[in-house]
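Under the working numbering, the residue at position 6 of the sequence shown is numbered 6, and the numbers go up by one with no gaps.
Beta carbons are placed, not taken as given, at the ideal position from N, Cα and C, and that holds for glycine.
Accompanying notes for the structure given below.
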Amino acid sequence: MHDWQELYQEIILEHNRNPQNFGVMSAPDRVARGYNANCGDDICLFLKLSGDDIEEVKFSGEGCAIVRASASLLTMAVEKLSKSQAKWKAEEMLALLTGKKRESDSAPDLRPQLPLLGVRKFPMRVKCATLPWHALLEALAK
Ligand code: ZN
């Protein structure tokens, strides 16, 4: 099993310091809020759709370094994907983060997001990492 620890810390710090696609979107087609009372994370995910594709994705709100990094990685992962591809990615990431699926069985498309799996060493923080992906599924289902 791969040890993501070093890369995990680097990625979390980098995305927390410099989150991608951070900010409120004007006139989004879909919005979903994710709230984690344990940690105080409270984020909003915004999608702009073009037909069946995600044209643009942004997030805003307050949260810890893990939720910010996870949301930042999410926006990079699903921009320009079709809704069904994005849904698949979110479901895969949730299965990996919660240990329902092993990383050796993960698809190559998910490689940029895999350092997030370092969070599994801190079970209390897994919810921080899964929050944005749940919000994405909610936004897509609306
Ligand atoms: Zn958190």
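- What whole-angstrom Cβ distance do Arg120 and Gly99 have, given they're in contact under 8 Å? 6 Å
- Message: Closer than 5 Å between the C-beta and any heavy atom of the ligand ZN: which residues qualify, listed along the chain?
- Response: Cys39, Asp41, Cys64, Val67, Cys128
- Just curious, the beta strand (DSSP E) that Ser104 is in, first and last residue? That residue, Ser104, is in no beta strand (DSSP E); it is neither H nor E in DSSP.
- Message: Cutting at 6 Å between CB atoms, please list the residues of its own chain near Glu56, excluding the five before and the five after it.
- Response: Lys48
- beta strand (DSSP E) segment containing Cys44, residue limits: 41 to 50
- Query: Should Ser72 go down as buried or exposed, given a rule of 16 or more other Cβ atoms within 10 Å for buried?
  - Reply: Classification of Ser72: buried, given that the 10 Å Cβ count is 16 or more.
- Message: Given this structure, state the Cα-to-Cα distance separating Pro19 from Gly40, to the nearest angstrom.
- Response: 18 Å
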